[in-house]
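Working notes, beginning with the structure itself.
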Amino acid sequence: MEILVYIIGGLLAGIATGLVGLSAATIIAPLFATMLGMDPYTAIGIALASDVLASATSATTYYKNKNIDLKNGSIMAVSVISFTILASYLSSFTNPITLNTTINIFVFFLGLRFIIYPVKNRSKNGEMKKGKWIITQTILWGAVIGMISGFFGSGGGLSMLAVLTMLLGYNLKKGVGTSVFIMTGVAFVGAATHIAISGTILLPLIITCIAAFIGANISSRKANKINEITLNRVVGAFLILYGISLILVFFI
Numbered sequence: 034m035e036i037l038v039y040i041i042g043g044l045l046a047g048i049a050t051g052l053v054g055l056s057a058a059t060i061i062a063p064l065f066a067t068m069l070g071m072d073p074y075t076a077i078g079i080a081l082a083s084d085v086l087a088s089a090t091s092a093t094t095y096y097k098n099k100n101i102d103l104k105n106g107s108i109m110a111v112s113v114i115s116f117t118i119l120a121s122y123l124s125s126f127t128n129p130i131t132l133n134t135t136i137n138i139f140v141f142f143l144g145l146r147f148i149i150y151p152v153k154n155r156s157k158n159g160e161m162k163k164g165k166w167i168i169t170q171t172i173l174w175g176a177v178i179g180m181i182s183g184f185f186g187s188g189g190g191l192s193m194l195a196v197l198t199m200l201l202g203y204n205l206k207k208g209v210g211t212s213v214f215i216m217t218g219v220a221f222v223g224a225a226t227h228i229a230i231s232g233t234i235l236l237p238l239i240i241t242c243i244a245a246f247i248g249a250n251i252s253s254r255k256a257n258k259i260n261e262i263t264l265n266r267v268v269g270a271f272l273i274l275y276g277i278s279l280i281l282v283f284f285i
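Under this note's numbering, think of the first position of the sequence shown as 34, with each following residue one higher.
What follows is the structure, encoded as structure tokens:
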């Protein structure tokens, strides 16, 4: 039964990463912590490790289609990764029950975000806007996203996508591509920090990573063919129902 949960969680997480740049940890961490009773901090570490492969394979596909901005995305990458390390360390002092409950609630509101304010193209040229204030905002938002990624193990990819499309003017495809590229590094340092502090469980780590890799590889190839409005609604509805289920299971 547990192995089935590892496989399903990894596949769903990889698919979400490939389609909209959603962090694989959004699916995996609350699932393992709530359904399997795994320590939330350990679950986040495994989820972030899975995110490395899922984000890397998605980034490769987007790079082949010239939808990653390596140069300008590096500014945000440095800020996000730095604060991910800090948040990963600080979250180790959080009460496991509090951390688990917070993650489940976070998933629910993330789903609402997809429904109410869907991610969509907001720029025709997909180029970064200029100006010192934009760079400052990029660094500040990078710090916020890094804290979210390190503490919750989820939400960083979607938050980054929102900043890249709405603040920096990327089109949706380049936003997703750049987001998953940055998330590869973010997930790596976050996973390394979590595993170094609390250790990990080898079997779920291996199975989940492989399943996430497969899911991301398939979905990233299909992402360009799906209507973005429909995609937002499907992902949003899934996350809302998923979050409600996790909250109910946890409290019941």
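The C-beta atom is built at its ideal place from N, Cα and C for all residues, glycine as well.
In terms of Cβ geometry, Gly42 and Thr241 form a close pair [threshold 8 Å].
With contact defined as three or more Cβ pairs closer than 8 Å, the segment 53–65 and the segment 167–178 are not in contact. For Gly70, there is no enclosing alpha helix (DSSP H), since its DSSP letter is neither H nor E. The Cβ-Cβ distance between Gly70 and Ile228 does not fall below 8 Å. Two segments are said to touch when three or more pairs of C-beta atoms, one from each, lie closer than 8 Å; by this definition the segment 87–96 touches the segment 198–214. When the five nearest sequence neighbours on each side are left out, the beta carbons in the same chain lying within less than 6 Å of the beta carbon of Ile230 are those of Ser125, in order along the chain. Here Ile48 is not near Val222, since their CB atoms are 8 Å or more apart. Around the beta-carbon of Met180, 16 or more other beta-carbon atoms lie within 10 Å, marking it buried.
Across the structure, Gly269 and Leu145 are spaced so that their CA atoms are roughly 6 Å apart. Distance from the CA atom of Pro73 to the CA atom of Asn250, rounded to whole angstroms, is 27 Å.
A direct Cα-to-Cα measurement between Gly202 and Pro237 gives close to 38 Å. Per DSSP, reduced to three states, the secondary structure at Thr233 is coil, with no helix or strand assignment. One Cα belongs to Tyr39, the other to Phe116, and the distance between them is close to 28 Å. The shortest CA-to-CA distance from Gly106 to any of Thr226, Met216, Leu86 is the one to Met216. Per DSSP, reduced to three states, the secondary structure at Ile101 is coil, with no helix or strand assignment. In the displayed model, Ala270 falls within a helix according to three-state DSSP. Nearest to Ile234 by alpha-carbon distance, out of Ala82, Arg266, Ala244, Val196, is Ala82. The C-beta distance from Ala224 to Val85 rounds to 6 Å, short enough to fall under 8 Å. Beyond the five residues adjoining it in sequence on each side, Arg254 comes within less than 8 Å, by CB distance, of Gly51, Thr94 in the same chain, given in chain order. Our two residues, Met193 and Val111, have alpha carbons roughly 13 Å apart in a direct line.
Nearest neighbour of Ile167 by Cα position, chosen from Asn100, Phe142, Thr198, Gly190, turns out to be Thr198. Apart from sequence neighbours up to five positions away, the residues of its chain that approach Leu45 with a beta-carbon distance below 6 Å are Ile60, ordered along the chain.
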